[in-house]
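K.L.:
In this note's numbering, the protein residues as written are -17 to 158.
Every residue gets a Cβ at the ideal spot worked out from N, C-alpha and C, and that includes glycine.
Just so it is clear, the structure is predicted and the values come from calculations on it, not from any experiment.
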Amino acid sequence: MAILITGGCGYIGSHTVIEMVKAGYDMVVLDNFYNSKPEALRRTRELAGRDFPFYECDIRDADGLRRIFNEQKIDAVIHFAGLKAVGESVQKPLEYYDNNVGGTVTLCQVMAQAGCKRMVFSSSATVYGMNNPSPLREDMPTGAVTNPYGRTKYVIEEILKDVCVSDKDWSVVLLR
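1. DSSP three-state call for residue 24: helix, strand or coil?
2. According to DSSP, residue -2 sits in a beta bridge with which residue or residues?
3. Tell me the rounded alpha-carbon separation between residue 72 and residue 131.
4. Note down the Cα distance separating residue 34 from residue 77, rounded to an integer number of angstroms.
5. Based on Cα-Cα distance, which residue from 5, 83, -14, -2 lies nearest to residue 47?
6. Give me whichever residues DSSP pairs with residue 72 in a beta bridge.
7. Is residue -12 helix, strand or coil when you go by DSSP?
8. Can you have a look at residue 61 and say buried or exposed, based on whether 16 or more other CB atoms are within 10 angstroms of its CB?
9. Would you mind listing the beta strand (DSSP E) stretches within the stretch 45 to 122 that are 3+ residues and don't spill past its ends, in chain order?
10. Using C-beta distances below 8 Å, list every residue in its chain close to residue 122, excluding the 5 sequence neighbours before and after it, in chain order.
11. State whether the stretch -2 to 6 contacts the stretch 77 to 88, with contact taken as three or more CB pairs (one from each stretch) at a distance under 8 Å.
12. What separation, rounded to the nearest whole angstrom, lies between the Cα atoms of residue 160 and residue 118?
13. In chain order, what residues of the same chain have a beta carbon less than 8 Å from the beta carbon of residue 25, not counting five sequence neighbours either side?
14. Along the alpha helix (DSSP H) that carries residue 153, what are the first and last residues, could you check?
15. Could you check if residue -7 is buried or exposed, using at least 16 other CB atoms within 10 Å of its CB as the buried criterion?
16. Thinking C-alpha only, which one of 150, 91, 128, 45 is nearest residue 107?
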């Protein structure tokens, strides 16, 4: 089983790659190095003890994504890619919506075209907003978000729910 990890050179992505490789999974890594550095790729390969395909690609690049799915047999996607700074999102909301929401829609479209309909999406506890007491629980209401970053994560969750309702072949897990 080959798994594509978007944002695979970031902190969480690179650690996930290492653990997945050690568990015996075939990994394919995608990153555009916006929030990471090429050195992370070298270190991840070193710590994983095994090489794996890497693509420098932005999730908004449909042609680049199609090339990956055409060259690799991807069975599932773990989606970590995205802009992630709450404060910056307030200053640059359009960049966050374009990258996070637009990029995820593009990724899902290419996945569907390739027949790959399994995703683990790295969301955020920000989708719960400020009105829920800690500790947060999965059954608490979401959507009362106070910043563009959190709203992008909430909107993506809603899109993924709609995709799963419309096509029962889709399977999505949300990480918060």
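P.N.:
This is what the structure holds:
1. DSSP, read as helix, strand or coil, puts residue 24 in helix.
2. Per DSSP, none; premise fails for residue -2.
3. C-alpha separation (whole angstroms): 8 Å.
4. The alpha-carbon atoms of residue 34 and residue 77 are separated by roughly 30 Å.
5. The residue from 5, 83, -14, -2 with its alpha-carbon nearest to that of residue 47 is -14.
6. According to DSSP, residue 72 bridges with nothing at all.
7. Strand, per DSSP.
8. So residue 61 ends up on the buried side.
9. With a minimum length of 3 residues, the continuous beta strand (DSSP E) runs that stay inside the stretch 45 to 122 are 56 to 61, 100 to 104.
10. Beyond the five residues adjoining it in sequence on each side, residue 122 comes within less than 8 Å, by CB distance, of 110, 114 in the same chain, given in chain order.
11. Not touching, per the Cβ criterion.
12. What is shown of the chain runs -17 to 158, which leaves residue 160 out entirely.
13. So the qualifying residues of the chain are -4.
14. Counting along the chain, residue 153 falls outside any alpha helix (DSSP H), though it belongs to the beta strand (DSSP E) covering 153 to 157.
15. Here residue -7 is exposed, its C-beta having fewer than 16 other C-beta atoms within 10 Å.
16. It is 128 whose Cα lies nearest to the Cα of residue 107.
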